[in-house]
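Heads up, the sequence shown is in the working numbering, so the first residue is 14 and it goes up one at a time.
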Amino acid sequence: MKLKDLPIRKKIIFTNFMMIVIPVLIVLLMIGGIIIGFFMKEGSGAAIAVLDTMSDTVTNYQLQMMVDYINEDIVENENAFEQGSILNEMSKQFEEMGASVMITDETGVRYISPDISEDTVEAQMDSLGVQDSPVFLRTEEGFAYKAIVQTEEDTFIMNVAAPELAYPIGGDYHTLEAIKLQIKIILVVICAAAVIIIIITGIVLSKNLSRTILTPVQKLGKATAAIRSGDLDHSVGYSSADELGQVCVEFDKMRERLKESVSMETRYVQQKQEMIAGISHDLSTPITSIKGYVSGILDGIADTPEKRKRYLCTIYDTACDMEHMVDNLFLLSKLDMDKTPFYSELVEMGSYLADYCSELRPMMQKNDITLAFENRCTSLAWAKIDRMQLGRVFGNLADNSIKYKKADECVKSRVNIVLCQENGLIKIMWIDNGIGIREEEAKQIFGRFYRGDSARSNATKGSGLGLSIARRIMGHMGGNISAEGRQGLGVAITVTLPEREEKSEKNPDC
Ligand code: ADP
């Protein structure tokens, strides 16, 4: 999981933790590096001195310590020149290393290594080139030390000479002050480095943290501004698994919904305008016609009782058409507002359609249309329908098959109704061999006030509301209605309904 995807709380904890861990690790690494440097004998004299005490070489530091011990003993111990003193012990160690120790004062020699004469020590000092004091001298193989040790009562001259030490010599000589200075420098460097590392780590991690928080917030701000200015296509464009990522995703979903509802609103307004235009147009034609016939009667054009009766019948028919259209409009707006009650019941569609066709057949025959019903279902096909509303849908299909049948008398008009089951759906296909529609009209015919060319050329042939009412009704019943057609070959309307289980649906508890 990336840092970006962590929840914000964890991200902050992690960053704070890293702000401590990273500098500590780096400082530890630095200290480790310095220590390793010491091990490689490239470090400070202090470390070399410490480490070399563990090896079998003799270092300057050890030699210095030894002469310092003797010095101290002379100054602080009254019995320094007696057996068992530090002076004696250290001198013995020098002698084991092959060095000669000689300490003199005004009275003469106070201490000299066994089996060696004063002259020999002097000669050794000379051979090592030691004249004045204080001297601490290291050669390739040997060592010499000469110092004046001042006590309250006496002044001693201390000589340690070893032209050739019995032990190999290692390390460089560093004074204690130099070592202290080196340690101070190292501590200052480590502290300064620690401060710099803490600052750099803090800046880098804070920037990173603020970027992961600020980036989505900035993007959200931009998206909000875009929406405010009416741009509903501007997506936030940020994805991560943290809380802000979720907010961005939800914001995008909200934008999509808003876009949908805005386009729905636009469609709705457009539909409303189209509907008003449709109503005005469709009412003005019959009104004009009624006015014409009424003025015909009033002006005495209909001068015979037969003519007057014909005029009045036409006026009556036109008024009936208008009433039908107003009824349809009323029904459509009630369907739009979900104000039409639906009384659904579980019906076996095979027997329902067989009955429906028997009732419809005489009317179709009266219009010279042969009606055939074919049930291709392999089992009983149950669906939940409102009989009256579905009857309204089929009634419209029947009206259309009658209205748009071919005028050619040589063609035998027919309507085939086929029932089948497919993927959990019940399909009812209403196929006629009328004048048909153009392929591209298949979707348009369900639009409000849509009327095909043939319908438009004949004012009495419908108002273009029947199929849009049918689509609304099918939607309310959880089904669908679609069309396929070819100009001159007829139309196939497919009505689908979800297939239901007979038992569970019949159970009133379900
Ligand atoms: P209308 O009242 O005009 O028939 P509909 O909504 O029922 O309104 O139909 C819309 C249009 O679809 C019709 O004007 C017609 O052009 C076309 N249409 C519908 N059914 C048929 C059909 N069976 N054959 C040919 N055209 C049809």
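Each residue gets a CB set at the ideal place from its N, CA and C atoms; glycine is no exception.
Quick caveat: nothing in here was measured; it's all calculated off a predicted structure.
Beta strand (DSSP E) segment containing residue i, residue limits
i, result
"Leu311", "Per DSSP, Leu311 belongs to no beta strand (DSSP E); it is in the alpha helix (DSSP H), 256-311."
"Arg513", "Taken as a continuous stretch (DSSP letters only), Arg513 belongs to no beta strand (DSSP E), as it is neither H nor E."
"Cys433", "426-435"
"Asp445", "438-445"
Environment of residue i [buried if 16+ CB atoms lie within 10 Å]
i, result
"Gln137", "buried"
"Pro299", "buried"
"Arg485", "buried"
"Ser392", "exposed"
"Leu227", "exposed"
"Gln96", "exposed"
"Lys24", "buried"
"Lys159", "buried"
"Gln75", "buried"
"Val80", "buried"
"Asp255", "buried"
"Thr201", "It is worth fixing the name first, because residue 201 is Val in this sequence and not Thr. The residue in question, Val201, is exposed, as its Cβ has fewer than 16 Cβ neighbours within 10 Å."
"Phe30", "exposed"
"Lys440", "buried"
"Asp65", "With a pLDDT of 48 at Asp65, under the threshold of 50, the modelled position of that residue is not reliable, and the figure given next carries that caveat. That one is buried."
"Lys418", "buried"
"Ile314", "exposed"
"Lys15", "exposed"
"Pro229", "buried"
"Gln402", "buried"
Beta-carbon contacts of residue i that lie in its chain and below 6 Å, excluding the five residues immediately before and after
i, result
"Ile129", "Ser113"
"Phe27", "none"
"Gly291", "Phe462"
"Asn429", "Ala385, Ile444"
"Ala483", "Val406, Asn409, Ile494"
"Gly449", "Gly498, Arg499, Gln500, Gly501, Leu502, Gly503, Val504"
"Pro147", "Ala160"
Per DSSP, cross-strand counterpart(s) of residue i
i, result
"Met171", "Ile116, Ala160"
"Tyr124", "Ile116"
"Ile494", "Val508"
"Met376", "For Met376, which the question treats as bridged, DSSP gives no partner whatsoever."
"Arg151", "Phe156"
"Lys397", "Leu359"
"Glu387", "Val431"
"Ile382", "Ser426"
"Arg22", "Answer by DSSP bridge pairing: none, since Arg22 is not bridged."
"Arg499", "Gly503"
Cβ-Cβ separation, residue j to residue i (assumed contact under 8 Å), whole Å
i, j, result
"Ser414", "Ile382", "6 Å"
"Gly475", "Phe462", "Wrong, their Cβ atoms sit about 10 Å apart, outside the cutoff."
"Ala206", "Met43", "6 Å"
"Tyr324", "Tyr306", "5 Å"
"Thr214", "Ile35", "5 Å"
"Ala411", "Leu373", "6 Å"
"Leu296", "Val275", "Between Val275 and Leu296 the Cβ distance is about 31 Å, and since that is not below 8 Å, they are no contact."
"Met115", "Ile125", "5 Å"
Chain-order list of residues whose beta-carbon lies under 7 Å from that of residue i (same chain, five-residue window excluded)
i, result
"Gly460", "Ser481"
"Leu194", "none"
"Cys390", "Gly363, Leu432, Cys433, Gln434"
"Gly437", "Pro511, Glu512"
"Val63", "A caution first: Val63 carries a pLDDT of 48, below 50, which makes its placement in the model too unreliable to give a value."
"Lys519", "Low local confidence applies: a pLDDT of 46 at Lys519 is under 50, so the model's placement there is unreliable, with the coordinate-based value given in what follows. Leu359, listed in sequence order."
"Cys370", "Leu384, Phe386, Ile430"
"Met32", "Thr214, Gly215, Leu218"
"Gly155", "Leu141, Ala175, Pro176, Glu177, Leu178"
Limits of the unbroken alpha helix (DSSP H) element including residue i
i, result
"Asn409", "400-416"
"Asp244", "That residue, Asp244, is in no alpha helix (DSSP H); it is neither H nor E in DSSP."
"Ala483", "479-489"
"Glu109", "99-109"
"Ser78", "Checking the sequence, you will find Met at residue 78 rather than Ser. Per DSSP, Met78 belongs to the alpha helix (DSSP H) from 73-89."
"Gln137", "131-140"
"Phe459", "Here Phe459 belongs to no alpha helix (DSSP H), and DSSP marks it neither H nor E."
"Met528", "Limits of the chain in this structure are 14 at one end and 523 at the other, which puts residue 528 out of reach."
8 Å CB neighbourhood of residue i in its chain, flanking five on each side removed
i, result
"Arg513", "Leu359, Trp395, Ala396, Lys397"
"Val40", "Ile203, Ala206, Ala207, Ile210"
"Ala332", "Pro299, Ile303"
"Leu348", "Ile482, Arg485, Ile486, His489"
Residue i Cβ short of 8 Å to the ligand FAD heavy atom set
i, result
"Val424", "With respect to small molecules bound, the structure shown includes the ligand ADP and not the ligand FAD."
Residue-level contact to chain B via CB, residue i, 9 Å cutoff
i, result
"Ile196", "This model lacks chain B altogether; it includes just one protein chain."
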